[in-house]
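Engineer: One line per chain: the protein sequences are R and X, in this order. Numbering of the first sequence is given in the numbering used here, commencing with residue 103 and proceeding in unit increments. Numbering of the second sequence is given in the numbering used here, commencing with residue 497 and proceeding in unit increments. Beta carbons: idealized from backbone N, C-alpha and C, even for Gly. None of the values given here were measured: they were computed from a predicted structure. Before we start, here is the structure in question, set down as structure tokens.
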Amino acid sequence: AQTVTQSQPEMSVQEAETVTLSCTYDTSENNYYLFWYKQPPSRQMILVIRQEAYKQQNATENRFSVNFQKAAKSFSLKISDSQLGDTAMYFCAFRRGGGSNYKLTFGKGTLLTVNP
Amino acid sequence: GAGVSQSPSNKVTEKGKDVELRCDPISGHTALYWYRQSLGQGLEFLIYFQGNSAPDKSGLPSDRFSAERTGGSVSTLTIQRTQQEDSAVYLCASTPSVQETQYFGPGTRLLVL
Numbered sequence: 103a104q105t106v107t108q109s110q111p112e113m114s115v116q117e118a119e120t121v122t123l124s125c126t127y128d129t130s131e132n133n134y135y136l137f138w139y140k141q142p143p144s145r146q147m148i149l150v151i152r153q154e155a156y157k158q159q160n161a162t163e164n165r166f167s168v169n170f171q172k173a174a175k176s177f178s179l180k181i182s183d184s185q186l187g188d189t190a191m192y193f194c195a196f197r198r199g200g201g202s203n204y205k206l207t208f209g210k211g212t213l214l215t216v217n218p
Numbered sequence: 497g498a499g500v501s502q503s504p505s506n507k508v509t510e511k512g513k514d515v516e517l518r519c520d521p522i523s524g525h526t527a528l529y530w531y532r533q534s535l536g537q538g539l540e541f542l543i544y545f546q547g548n549s550a551p552d553k554s555g556l557p558s559d560r561f562s563a564e565r566t567g568g569s570v571s572t573l574t575i576q577r578t579q580q581e582d583s584a585v586y587l588c589a590s591t592p593s594v595q596e597t598q599y600f601g602p603g604t605r606l607l608v609l
């Protein structure tokens, strides 16, 4: 079974600064995907970024980038130039790449607050 | 285009009553997932539908929970004889194929009194 651990229940950052959210995972799979989802107070889960395990290059989406360390099973999210709208719960998630059920396994989440 | 929709947005019920939660996936998406988000347990997988295949019910917490998907589109999650521990946000997600990213609906917040 897979497990995903987010060790930071809460974090805060000043507007325009950079913040890094941590995520580690445990799996025996070799083919898998990792995700960061954002959940604002509206409850809508929004995909922030996705990383395929077979790709060594770290994924980047505008101000969001990841540091994917496969050997260490670490998948951190860096948010640059933080904006007030980034305030939300952030969930790290794992999904296997093969088999028949592609369910997501989530961490407990990190509540990020961006302060003006 | 339209995203995943869920109804009702909020539901308050009394212990022992049955409830039905609805999910309308994005048109053309063949895979549909239900998850439960509760304070104590975080986000948990409940059930998965893929096309016409038998659903994967491995995440359902008890036999009071069931789900169906009619015509490969709309899905209904039913909770019978609700208990207070069923209080949670129930999220639905769909994906165009099993390998693709899951797109989530806004969820239904269920409160069992």
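Would you mind telling me which residues of chain R sit closer than 7 Å to Thr-597 (chain X), beta carbon to beta carbon, in chain order?
Structural biologist: Result: Leu-149 and Arg-152.
Engineer: Tell whether a beta-carbon distance below 7 Å holds between Val-106 (chain R) and Ile-181 (chain R).
Structural biologist: Taking 7 Å as the Cβ cut-off, Val-106 (chain R) and Ile-181 (chain R) do not qualify as a contacting pair.
Engineer: So is Asp-559 (chain X) buried or exposed if we call it buried at 16+ other beta carbons inside 10 Å?
Structural biologist: Label assigned to Asp-559 (chain X): exposed.
Engineer: On a CA-only basis, which of R:Asp-183, R:Tyr-156 and R:Ile-148 is nearest Arg-165 (chain R)? Give me that one, please.
Structural biologist: Of R:Asp-183, R:Tyr-156 and R:Ile-148, the residue nearest in Cα terms is R:Asp-183.
Engineer: Go to Leu-539 (chain X), then tell me how far its beta strand (DSSP E) extends in each direction, as first and last residue.
Structural biologist: That run of the beta strand (DSSP E) goes 538-546.
Engineer: Can you pull the chain X residues whose beta carbon is under 7 Å from the beta carbon of Gln-146 (chain R), in chain order?
Structural biologist: Those are Phe-600 and Pro-602, listed as they occur along chain X.
Engineer: Decide if the stretch 563-574 of chain X is in contact with the stretch 190-198 of chain R; the criterion is three or more beta carbon pairs, one per stretch, under 8 Å apart.
Structural biologist: Taking 8 Å as the limit for Cβ pairs, the verdict is that the stretch 190-198 of chain R does not touch the stretch 563-574 of chain X.
Engineer: Determine, for Phe-541 (chain X), whether the minimum Cβ-Cβ distance to residues of chain R falls below 7 Å.
Structural biologist: Yes, Phe-541 (chain X) counts as interfacial toward chain R.
Engineer: Excluding five sequence neighbours on each side, which residues of the same chain lie with their C-beta closer than 6 Å to the C-beta of Thr-509 (chain X)?
Structural biologist: So the list reads Val-515, Thr-578 and Val-608, once near-sequence residues are dropped.
Engineer: Quick one, are the C-beta atoms of Tyr-531 (chain X) and Phe-545 (chain X) less than 7 Å apart?
Structural biologist: Result no, Cβ atoms of Tyr-531 (chain X) and Phe-545 (chain X) do not sit closer than 7 Å.
Engineer: Which of the residues in the stretch 508-530 of chain X, read from start to end, lie with their CB under 8 Å from any CB of chain R?
Structural biologist: Listed by position along the chain: Ala-527 and Tyr-529.
Engineer: What beta strand (DSSP E) runs, 3 residues minimum, are completely inside the stretch 542-602 of chain X?
Structural biologist: For the stretch 542-602 of chain X, whole beta strand (DSSP E) runs of length 3 or above, ordered along the chain, are 561-565, 571-575 and 584-591.
Engineer: Write down every uninterrupted run of the beta strand (DSSP E) in the stretch 128-214 of chain R whose length is 3 residues or greater and which is fully enclosed by it, in chain order.
Structural biologist: Complete beta strand (DSSP E) runs here, min 3: 134-141, 148-154, 166-171, 176-181 and 190-198.
Engineer: How about Ala-589 (chain X) and Ser-534 (chain X): do their beta carbons lie closer than 7 Å?
Structural biologist: For Ala-589 (chain X) and Ser-534 (chain X), no; Cβs fall outside 7 Å.
Engineer: Against Glu-568 (chain X), what residues of chain R qualify as contacts under a CB-to-CB distance less than 8 Å, listed in chain order?
Structural biologist: Looking at the sequence shown, residue 568 (chain X) is not Glu but Gly. Here the premise fails: no neighbours, minimum Cβ distance about 17 Å.
Engineer: Hey, Tyr-139 (chain R) and Gly-199 (chain R) are a contact pair by Cβ (cut 8 Å); roughly how many whole angstroms apart?
Structural biologist: Not a contact, Cβ separation roughly 18 Å.
Engineer: Alpha carbon to alpha carbon, how far is Tyr-529 (chain X) from Asp-552 (chain X)?
Structural biologist: One C-alpha to the other measures close to 10 Å.
Engineer: Determine whether the Cβ of Tyr-586 (chain X) lies closer than 7 Å to any Cβ atom of chain R.
Structural biologist: By this cut-off, Tyr-586 (chain X) is not an interface position.
Engineer: List the residues that DSSP assigns as beta-bridge partners of Cys-519 (chain X).
Structural biologist: Partner(s): X:Gln-502 and X:Ser-571.
Engineer: Please check the pair Lys-513 (chain X) and Leu-606 (chain X), which I expect to be a contact at CB under 8 Å, by giving their CB distance rounded to whole angstroms.
Structural biologist: About 11 Å separates the two Cβ atoms, so there is no contact after all.
Engineer: For Phe-177 (chain R) and Leu-214 (chain R), which I take to be in contact (beta-carbon distance under 8 Å), what is that distance rounded to the nearest angstrom?
Structural biologist: So it is not a contact: roughly 16 Å between Cβ atoms.
Engineer: Ala-118 (chain R) by DSSP, collapsed to three states: which one?
Structural biologist: In the structure shown, Ala-118 (chain R) sits in coil (DSSP, three-state: anything other than H, G, I, E or B).
Engineer: State the beta-bridge partners of Ala-103 (chain R) as determined by DSSP.
Structural biologist: Bridge partners of Ala-103 (chain R): none, in fact.
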